[in-house]
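Quick notes on the structure that follows.
There are 2 protein chains.
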Amino acid sequence: MADVKHFDPDTVLDTVVRLFWRQGVATTGIQDIVNATGLNRSSLYATFGGKQELYRAALERYVQDRSRFGRLEEDDRGLPAITEFFTGLIETRCTGEFAQWGCMISNAHAGTENGDPAVRAILDRQHQGLRTALHTALLSAQRQGQLADEADPAAAADVLALLAHGVNLRSRAGADAQQLHRTIAAAIAAVAPRA
Amino acid sequence: MADVKHFDPDTVLDTVVRLFWRQGVATTGIQDIVNATGLNRSSLYATFGGKQELYRAALERYVQDRSRFGRLEEDDRGLPAITEFFTGLIETRCTGEFAQWGCMISNAHAGTENGDPAVRAILDRQHQGLRTALHTALLSAQRQGQLADEADPAAAADVLALLAHGVNLRSRAGADAQQLHRTIAAAIAAVAPRA
DNA sequence: ACTATCTTGAAACGAACGTTCCAAGATGAC
DNA sequence: GTCATCTTGGAACGTTCGTTTCAAGATAGT
Chain A
10 MADVKHFDPD TVLDTVVRLF WRQGVATTGI QDIVNATGLN RSSLYATFGG
60 KQELYRAALE RYVQDRSRFG RLEEDDRGLP AITEFFTGLI ETRCTGEFAQ
110 WGCMISNAHA GTENGDPAVR AILDRQHQGL RTALHTALLS AQRQGQLADE
160 ADPAAAADVL ALLAHGVNLR SRAGADAQQL HRTIAAAIAA VAPRA
Chain B
10 MADVKHFDPD TVLDTVVRLF WRQGVATTGI QDIVNATGLN RSSLYATFGG
60 KQELYRAALE RYVQDRSRFG RLEEDDRGLP AITEFFTGLI ETRCTGEFAQ
110 WGCMISNAHA GTENGDPAVR AILDRQHQGL RTALHTALLS AQRQGQLADE
160 ADPAAAADVL ALLAHGVNLR SRAGADAQQL HRTIAAAIAA VAPRA
């Protein structure tokens, strides 16, 4: 009955994610998106709606594709799982394709993006998810005797979840990976029993 | 010989700080600044230069006026000084005039602002300053027997400095002050000797 | 092959952007 | 009071913003 899209919306959305992730929503114009995707404005608006809706979709996509605490939650090794999570995080933030891009979620916290209730809901959901994943991993660690007697898994999870934002921000400004690794290692060591 | 300014540049800059702090540089227009300050565009450009130079000046002013770790550095009580620093930080971030504004420095990390080397230099300087202040306070704590034997003041300072960014980000998205207080208390308690 | 239906290209929209310009106004030195 | 000098008001600059519009093009069902 009708024509079909001449492009793959999933591929396009992935390209858009990278634009918003690196440059932020305020400093990324529709023209930038047209240039990067090769799409026409008509196709863009017909498929995704306006800029704000496109940003929301991109943020959801970012969460689905780039969030790594799902693995953490299923990893029952305890502290090594947490260490691995942060090690991977820092490497992603400091080297390779996404070096100095920060985290799209952390970035959204700092911008005017979070004025949109739908965006703020994503930020909260993501933070709670990370807290829960860390809490689960810490309980697992506790069960395996990897935690000091006085350590509080819930409180430690909150501390580490906040710390992740610090890593994301500082890495975007070019912080040294080694330095971040050392700091996170110290934070994790703080809940372990004395050597 | 000549006319004199009909306004106080210091007062104007303070107003500009609040605009950039709350809304960010990308989403704050020159028109917003004209409206908020009552200045004419001519006076604005003649006094401060363009938007980017104005932002840099505002960021420097923010650091001078709002940075609180100077007090921390001169406070030799040890852990209580650190607790007080974070307590005040969280209150400023969550209640009163600046509630949910976050920290202008943290916000700058997440935006395109940090592409400007002059801006990034301010961010680095500020982070190092906070690390040093915390380190000094922790050494003071250690001298007074407030630290566990195995605690590493330098590493703990790094952890707490990163944590501050977490507080700044999450508070901007409306995080609960009590929750933040509890988390920070746990992080500080982690370096204290077992009760 | 016809046609209904969706997609695409390209131009255009008004509004807002940061910046510049210049005449008019205000000031202090002489 | 005069004059040189800086400041101010306000219009205007060209660009870019996000969005809309519509004719031309492409497709799948009949």
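Chains as they are written, first to last, in the numbering used here: chain A, 10 to 204; chain B, 10 to 204. Note that CB positions come from ideal geometry on N, CA and C, so glycine has one too.
Endpoints, alpha helix (DSSP H) assigned at residue i
| i | result |
| --- | --- |
| M113(A) | M113 to A119 |
| W110(A) | Here W110(A) belongs to no alpha helix (DSSP H), and DSSP marks it neither H nor E. |
| D167(B) | P162 to R181 |
| F29(B) | P18 to Q32 |
Below-7 Å beta-carbon distance, residue i vs any chain A residue
| i | result |
| --- | --- |
| A90(B) | no |
| H174(B) | yes |
| T96(B) | no |
| D85(B) | no |
| R50(B) | no |
| R75(B) | no |
Backbone secondary structure at residue i - three-state DSSP
| i | result |
| --- | --- |
| G97(A) | helix |
| V43(A) | helix |
| G124(A) | helix |
| E82(B) | helix |
| S52(B) | helix |
| S149(B) | helix |
| P202(B) | coil |
| R77(B) | coil |
| G138(A) | helix |
| Q61(A) | helix |
| D133(B) | helix |
| H15(A) | coil |
| T37(B) | coil |
| L189(B) | helix |
| T92(A) | helix |
| G68(B) | Reading the sequence as shown, one finds Leu at residue 68(B) and not Gly. L68(B): helix per DSSP, three-state reduction. |
| L143(B) | helix |
Cross-chain neighbours of residue i in chain A, by beta carbon under 7 Å
| i | result |
| --- | --- |
| S115(B) | A119 and L178 |
| E159(B) | R203 |
| A67(B) | Chain A residues near A67(B): none, gap ~16 Å exceeds 7 Å. |
Residue i: contacting residues in chain A (beta-carbon distance under 9 Å)
| i | result |
| --- | --- |
| H136(B) | R179, A182 and A184 |
| V168(B) | V168, L172, G175, T192, I193, A195, A196 and A199 |
Chain B within 7 Å of residue i, Cβ atoms only
| i | result |
| --- | --- |
| N44(A) | no |
| G154(A) | no |
| L36(A) | In the sequence on display, residue 36(A) carries Thr and not Leu. Cβ-Cβ to chain B under 7 Å: yes for T36(A). |
| L132(A) | yes |
| A11(A) | no |
| R129(A) | yes |
| A164(A) | yes |
Partner residues on chain B for residue i, Cβ-Cβ distance less than 7 Å
| i | result |
| --- | --- |
| Q32(A) | T121 |
| G111(A) | A119 |
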